[in-house]
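Trainee: Here's a structure for you.
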């Protein structure tokens, strides 16, 4: 028990599982299921689960040790998590570098994001209905295009379960990172870099933007702008949509 | 964008990167102000700190208050290893394992489907709008 109440436990686990993922990803020719983030996540959860079983303590104790180094400490894996803030503002740079595209197409960009988001909400709603999901689960899935800080209060506001929303937002990133660019290629939608960038940024948030930056400068800039605009648009559109379909 | 501005970006890029401590300082200042802005936003309309920061840093760059060489290196470094920063969030789902137990598979399918729907719909809509606007622009010429 003593050894996990340690500020470096969570950081150590997070970095090591990611490195294992990175190794597997390189070893198996970038096979999408070995995406470092995905492997790291699954392995990390597995490690915590094994610790819980072998040490016979509650999952909360294990989680606290992982997240902030146990009851006596404040820092653990949350230190790495904290860096998502500075990393997100970093996307201002790829955005600024393609200011030419922003200036030429800002009207189209805004319109596409608003219309695209609204159509997505309708399709997502019908998929959920087809899968026979309850109203509270549907309400939890609707705000997913925004980042966690926006999506969680939205979800609560329309009767959703914040934990499901949080999980959805995380999985968005992992899924887009793993298969986002392949899907776009399969559907032959990759001819327009502006569209690809906005799509990756909307569906995969910051992680999707990191992927977009790797694809090209326009894609990276567009994904960055999507992260800003979609967050704000979701704030407005989702409550309206929820009222429209009579959620709450 | 006029040519001079394009040249300006290239010129800024070619300058030697500022020392890391200065780059950190700029990031810290932007995040500090973002935090204040985020706190004074109404609760019904939250704008998270990183989104404010992104907007502020972008405006500072566009107005040339902050130059590219003063932030580019740190930002490139942070974006390059953003995957590691995200691992704890992923492992956080350990806490929600009970949620998945009930109707986990359906929920999982719904999440994958909705992610793909978001990606395809936005990409497709944009492609449509851009191609329409390009046609209109060409006709004007």
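Protein chains in written order, with the working numbering: chain Y, 1 to 248; chain H, 249 to 389.
Yeah, the Cβ is synthetic: ideal placement off N, Cα and C, and Gly gets one too.
Keep in mind that this is a model prediction, so the values were computed, not measured.
Taking residue 184 (chain Y) as the reference, give the member of H:323, H:298, H:372 with the closest Cα.
Mentor: Within the first chain, numbered from 1, the residue matching residue 184 (chain Y) stands at position 184. Ranking the options by Cα distance to residue 184 (chain Y), first place goes to H:372.
Trainee: Please report how far the alpha carbon of residue 65 (chain Y) lies from the alpha carbon of residue 362 (chain H), in whole angstroms.
Mentor: Position 65 of the first chain, counted from the first residue, corresponds to residue 65 (chain Y). Position 114 of the second chain, counted from the first residue, corresponds to residue 362 (chain H). Approximately 33 Å between the Cα atoms of the pair.
Trainee: Taking 8 Å as the cut-off, does the region 143-155 of chain Y touch the region 345-353 of chain H (at least 3 CB pairs, one atom from each stretch)?
Mentor: no
Trainee: For residue 134 (chain Y), count neighbouring C-beta atoms within 10 Å of its own C-beta (all shown protein chains included) and say buried if the count is 16 or more, exposed if not.
Mentor: Start at 1 with the first residue of the first chain, and residue 134 (chain Y) comes out as number 134. Counting Cβ neighbours within 10 Å, residue 134 (chain Y) comes out exposed, since fewer than 16 surround it.
Trainee: Figure out for me which residue from Y:114, Y:148, Y:108, Y:117 has the closest Cα to the Cα of residue 377 (chain H).
Mentor: Here residue 377 (chain H) refers to the residue found at position 129 when the second chain is read from its first residue. Selected option, being the one with the closest Cα: Y:108.
Trainee: Under the three-state reduction of DSSP, which class applies to residue 147 (chain Y): helix, strand or coil?
Mentor: Within the first chain, numbered from 1, the residue matching residue 147 (chain Y) stands at position 147. Residue state, collapsed to three classes: coil.
Trainee: Listed in chain order, which residues of the region 346-377 of chain H have Cβ atoms closer than 7 Å to some Cβ of chain Y?
Mentor: 347, 354, 355, 357, 358, 359, 360, 361, 362, 363, 364, 365, 366, 367, 368, 369, 370, 371, 372, 373, 374, 375, 377
Trainee: Nearest-angstrom Cα distance between residue 356 (chain H) and residue 267 (chain H)?
Mentor: As a first step, residue 356 (chain H) is located in the second chain; it is residue number 108 there, counting from the start. As a first step, residue 267 (chain H) is located in the second chain; it is residue number 19 there, counting from the start. So the alpha carbons of these two residues sit roughly 46 Å apart.
Trainee: Could you tell me how far apart the beta carbons of residue 220 (chain Y) and residue 204 (chain Y) are, in whole angstroms, since I believe they sit closer than 8 Å?
Mentor: Taking the first residue of the first chain as position 1, residue 220 (chain Y) is located at position 220. Taking the first residue of the first chain as position 1, residue 204 (chain Y) is located at position 204. About 12 Å separates the beta carbon of residue 220 (chain Y) from that of residue 204 (chain Y), a gap too long to meet the 8 Å contact definition.
Trainee: Would you call residue 320 (chain H) buried or exposed, if buried means 16 or more other Cβ atoms sit within 10 Å of its Cβ?
Mentor: Translated into positions along the second chain, residue 320 (chain H) becomes position 72. With 16 or more Cβ atoms within 10 Å of its Cβ, residue 320 (chain H) is classed as buried.
Trainee: Going by beta carbon distance, what residues of the same chain come within less than 7 Å of residue 199 (chain Y), once the five residues before and after it are set aside?
Mentor: On the first chain, position 199 is the one that residue 199 (chain Y) refers to. Within the same chain, residue 199 (chain Y) has close Cβ partners 184.
Trainee: For residue 99 (chain Y), does the three-state DSSP call read helix, strand or coil?
Mentor: Within the first chain, numbered from 1, the residue matching residue 99 (chain Y) stands at position 99. Three-state result, residue 99 (chain Y): helix.
Trainee: Taking Cβ-Cβ distances shorter than 8 Å, what residues in chain H pair up with residue 207 (chain Y)?
Mentor: The residue given as residue 207 (chain Y) occupies position 207 in the first chain. Those within 8 Å of residue 207 (chain Y) in chain H are 330, 331, 334.
Trainee: Identify whether residue 93 (chain Y) lies in helix, strand or coil by the three-state DSSP scheme.
Mentor: Position 93 of the first chain, counted from the first residue, corresponds to residue 93 (chain Y). Of the three classes helix, strand and coil, the one that applies to residue 93 (chain Y) here is helix, per DSSP.
Trainee: Find the residues of chain H that neighbour residue 143 (chain Y), judging by a C-beta separation of less than 8 Å, and give them in chain order.
Mentor: Here the question's residue 143 (chain Y) lines up with position 143 in the first chain. The contacting residues do not exist; residue 143 (chain Y) stays about 11 Å from chain H at best.
Trainee: Quick check: is the beta carbon of residue 58 (chain Y) nearer than 7 Å to any beta carbon in chain H?
Mentor: Here residue 58 (chain Y) refers to the residue found at position 58 when the first chain is read from its first residue. Cβ-Cβ to chain H under 7 Å: no for residue 58 (chain Y).
Trainee: Just how far apart, CA to CA, sit residue 338 (chain H) and residue 206 (chain Y)?
Mentor: Translated into positions along the second chain, residue 338 (chain H) becomes position 90. Translated into positions along the first chain, residue 206 (chain Y) becomes position 206. Each residue's alpha carbon lies about 14 Å from the other.
Trainee: Taking all protein chains shown into account, do 16 or more other C-beta atoms lie within 10 angstroms of the C-beta of residue 273 (chain H), making it buried, or fewer, making it exposed?
Mentor: Translated into the one-based positions of the second chain, residue 273 (chain H) becomes position 25. The residue in question, residue 273 (chain H), is exposed, as its Cβ has fewer than 16 Cβ neighbours within 10 Å.
Trainee: Please confirm if residue 249 (chain H) has its CB atom under 7 Å from at least one CB of chain Y.
Mentor: By one-based count along the second chain, residue 249 (chain H) stands at place 1. Summary for residue 249 (chain H): the model assigns pLDDT 48, below 50, so the residue's position carries little reliability, and this model does not support an answer.
Trainee: For a minimum of 4 consecutive residues, which ranges assigned as the alpha helix (DSSP H) are wholly contained in the region 52-138 of chain Y?
Mentor: 59-68, 78-82, 84-89, 92-97, 99-130
Trainee: Cβ of residue 125 (chain Y) less than 7 Å from any chain H Cβ?
Mentor: Here residue 125 (chain Y) is taken as the residue at index 125 of the first chain, counted from 1. For residue 125 (chain Y), the answer is no, since every Cβ of chain H falls outside 7 Å of its Cβ.
Trainee: When DSSP labels each residue in this structure, what does residue 35 (chain Y) get in the three-state scheme?
Mentor: Walking along the first chain from the start, residue 35 (chain Y) turns up at place 35. Residue state, collapsed to three classes: coil.
Trainee: Please determine, among Y:144, Y:19, Y:46, Y:44, the residue with the shortest C-alpha to C-alpha distance to residue 201 (chain Y).
Mentor: As a first step, residue 201 (chain Y) is located in the first chain; it is residue number 201 there, counting from the start. Among Y:144, Y:19, Y:46, Y:44, the Cα nearest to that of residue 201 (chain Y) belongs to Y:144.
Trainee: Could you compute how far the alpha carbon of residue 280 (chain H) sits from the alpha carbon of residue 92 (chain Y)?
Mentor: Position 32 of the second chain, counted from the start, is the residue given in the question as residue 280 (chain H). Position 92 of the first chain, counted from the start, is the residue given in the question as residue 92 (chain Y). Answer to the nearest angstrom: the Cα atoms are 16 Å apart.
Trainee: Can you give the beta carbon distance from residue 208 (chain Y) to residue 369 (chain H), rounded, assuming they're within the 8 Å contact cut?
Mentor: Position 208 of the first chain, counted from the start, is the residue given in the question as residue 208 (chain Y). Position 121 of the second chain, counted from the start, is the residue given in the question as residue 369 (chain H). Rounded to the nearest angstrom, the Cβ distance from residue 208 (chain Y) to residue 369 (chain H) is 14 Å, too far for a contact under 8 Å.
Trainee: Beta carbon of residue 148 (chain Y), beta carbon of residue 298 (chain H): below 7 Å?
Mentor: Taking the first chain and counting its residues from 1, one reaches residue 148 (chain Y) at position 148. Taking the second chain and counting its residues from 1, one reaches residue 298 (chain H) at position 50. Contact check for residue 148 (chain Y) against residue 298 (chain H) fails: the beta carbons are separated by 7 Å or more.
Trainee: Anyone know if the C-beta pair for residue 228 (chain Y) and residue 98 (chain Y) falls short of 7 Å?
Mentor: By one-based count along the first chain, residue 228 (chain Y) stands at place 228. By one-based count along the first chain, residue 98 (chain Y) stands at place 98. The answer is no: Cβ separation not under 7 Å.
Trainee: Can you tell me which of Y:15, Y:10, Y:130 puts its alpha carbon nearest to the alpha carbon of residue 51 (chain Y)?
Mentor: Start at 1 with the first residue of the first chain, and residue 51 (chain Y) comes out as number 51. Taking only the C-alpha atoms, the option nearest residue 51 (chain Y) is Y:10.
Trainee: What does residue 326 (chain H) reach in chain Y if we use C-beta pairs closer than 8 Å?
Mentor: Against the second chain, residue 326 (chain H) aligns to sequence position 78. Correct list: 83, 86, 87, 90.
Trainee: Could you check the C-alpha separation between residue 197 (chain Y) and residue 105 (chain Y) for me, to the nearest Å?
Mentor: In the first chain, counting from the first residue as 1, residue 197 (chain Y) sits at position 197. In the first chain, counting from the first residue as 1, residue 105 (chain Y) sits at position 105. Each residue's CA atom was taken as its position, placing residue 197 (chain Y) and residue 105 (chain Y) some 13 Å apart.
Trainee: On a Cα-Cα basis, can you pick out the residue from H:256, H:325, H:263 that is closest to residue 275 (chain H)?
Mentor: Your numbering for residue 275 (chain H) matches position 27 in the second chain. Minimum Cα distance to residue 275 (chain H) is reached at H:325.
Trainee: Which value, in whole angstroms, describes the spacing of the CA atoms of residue 380 (chain H) and residue 223 (chain Y)?
Mentor: By 1-based counting over the second chain, the position of residue 380 (chain H) is 132. By 1-based counting over the first chain, the position of residue 223 (chain Y) is 223. Their backbone Cα atoms lie some 21 Å apart in a straight line.
Trainee: 7 Å is my cut-off, CB to CB: does residue 275 (chain H) come that close to chain Y?
Mentor: Counting from 1 along the second chain, the entry for residue 275 (chain H) is found at position 27. So yes, residue 275 (chain H) belongs to the interface.
Trainee: Does the beta-carbon of residue 292 (chain H) have 16 or more other beta-carbons within 10 angstroms, so that it is buried, or is it exposed?
Mentor: Here residue 292 (chain H) refers to the residue found at position 44 of the second chain. Looking at its Cβ environment, which holds fewer than 16 other Cβ atoms inside 10 Å, residue 292 (chain H) is exposed.
Trainee: Would you report the Cα separation of residue 67 (chain Y) and residue 340 (chain H), rounded to the nearest angstrom?
Mentor: As a position in the first chain, residue 67 (chain Y) is number 67, starting the count at 1. As a position in the second chain, residue 340 (chain H) is number 92, starting the count at 1. Between residue 67 (chain Y) and residue 340 (chain H), the C-alpha separation is close to 8 Å.
Trainee: What's the call for residue 35 (chain Y), buried or exposed, on a 16-neighbour Cβ count within 10 Å?
Mentor: By one-based count along the first chain, residue 35 (chain Y) stands at place 35. With 16 or more Cβ atoms within 10 Å of its Cβ, residue 35 (chain Y) is classed as buried.
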